[in-house]
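Line by line, the protein sequences give chains A and G. Residue 662 in the numbering used here is what sits at position 92 of the first sequence, and the numbering runs on without skipping anything. Residue 642 in the numbering used here is what sits at position 72 of the second sequence, and the numbering runs on without skipping anything. Every residue gets a Cβ at the ideal spot worked out from N, C-alpha and C, and that includes glycine. Everything on this sheet refers to the single structure shown next.
Number of protein chains: 2
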Amino acid sequence: MVKLSFDKMGGLLPAVVQDYETREVLMLGFMNEQAWHLTLKTGRVTFFSRSRKELWIKGNTSGRHQIVKEIRIDCDDDAVLLLVEQVGGAACHTGHRSCFHKEVHNGSIRILDSPVFDPKEVYGK
Amino acid sequence: MVKLSFDKMGGLLPAVVQDYETREVLMLGFMNEQAWHLTLKTGRVTFFSRSRKELWIKGNTSGRHQIVKEIRIDCDDDAVLLLVEQVGGAACHTGHRSCFHKEVHNGSIRILDSPVFDPKEVYGK
């Protein structure tokens, strides 16, 4: 029986998504208990959107789903790590492979790679 | 100039720590603005402990510091990814290399590896 601590952050806990093969960290989202159970049940990563305040099946708009390969939880049962197959090769709404594509270097930001897709074509904005 | 969004979670944001060489995700902690600036300034990972409500220089008790090699921030500037050299070979207070050492498998938990150190010897409890 897997029991997570959703109480430390008002019903949410952070979920880190990592590419199953390359081990690249793709993004971080938040899950409520329903999102967690849906992720387990469907095998596709589901978050709870803090801005929209609703369940967010990753990839439902872009087609870039995240297929769960392994699930790990941390020592305190208050964070989740999901190893996934990233459909379409990119997790970020900017078109970049990873949401963590901005490197802090000598006090400023440099962008690490080029977008894999054009957000305007995918999201229409 | 690097500006992060600390306002979405009452002054805190999640920070994922990943091993610089193996790309293993070691842990997830939270930073307030002071912890973030100290991490940048000292090159050692510093969190804000939600339970103790104080700055937490990772490794100050155990000697297992995390030396920052690369810093990345995400598309929304509300999450941080730190690639580190993990001093002493383990990040978790249980003695395991990673805090994410519990795998969810067929609805139950299995422990992925053996502890690298004995917590009783390090923390005296």
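Give the residues of chain A in contact with T616 of chain G, contact being defined as C-beta atoms less than 7 Å apart. Here the premise fails: no neighbours, minimum Cβ distance about 15 Å.
Is the beta carbon of R593 of chain A less than 8 Å from the beta carbon of R593 of chain G? Going by beta carbons, R593 of chain A and R593 of chain G fall inside the 8 Å limit.
To the nearest angstrom, how far is it from the Cα of K672 of chain G to the Cα of L651 of chain A? Rounded to the nearest angstrom, the two C-alpha atoms are 10 Å apart.
Which partner residues does Q604 of chain G have in the DSSP bridge list? DSSP, once it has assigned bridges, lists no residue as partnering Q604 of chain G.
Measuring only between beta-carbons, confirm whether M597 of chain G sits less than 8 Å from chain A. At least one chain A Cβ lies under 8 Å of M597 of chain G.
Closer than 8 Å between beta carbons: that is the criterion. Which residues of the stretch 576–591 of chain G meet it against chain A? K578, M579, P584, V586 and Q588
Which same chain residues end up closer than 6 Å to S632 of chain A when comparing Cβ atoms and leaving out the 5 residues on each side of it in sequence? Answer for S632 of chain A: V692, listed in chain order.
Across which residues does DSSP place V586 of chain G in a beta bridge pair? G:L598 and G:L651
Compare the beta carbon distance of K578 of chain G and D648 of chain G with 8 Å and say whether it is the shorter of the two. yes
Between T609 of chain A and chain C, is any beta-carbon pair separated by less than 8 Å? Looking for chain C here will not work: the only protein chains present are A and G.
Run the CB neighbour count on T612 of chain G, radius 10 Å, all protein chains shown included, and call it buried at 16 or more, exposed below. exposed
Counting only Cβ pairs nearer than 8 Å, list the residues of chain G close to I679 of chain A. V572 and I643
Burial state of M571 of chain A (16 or more Cβ within 10 Å): exposed
Interface positions of the stretch 659–686 of chain A facing chain G (Cβ-Cβ less than 9 Å), listed along the chain: C662, H663, T664, H666, S668, C669, F670, H671, K672, E673, V674, H675, G677, S678, I679 and L682
Assign V674 of chain A to one of three DSSP states: helix, strand, or coil. strand
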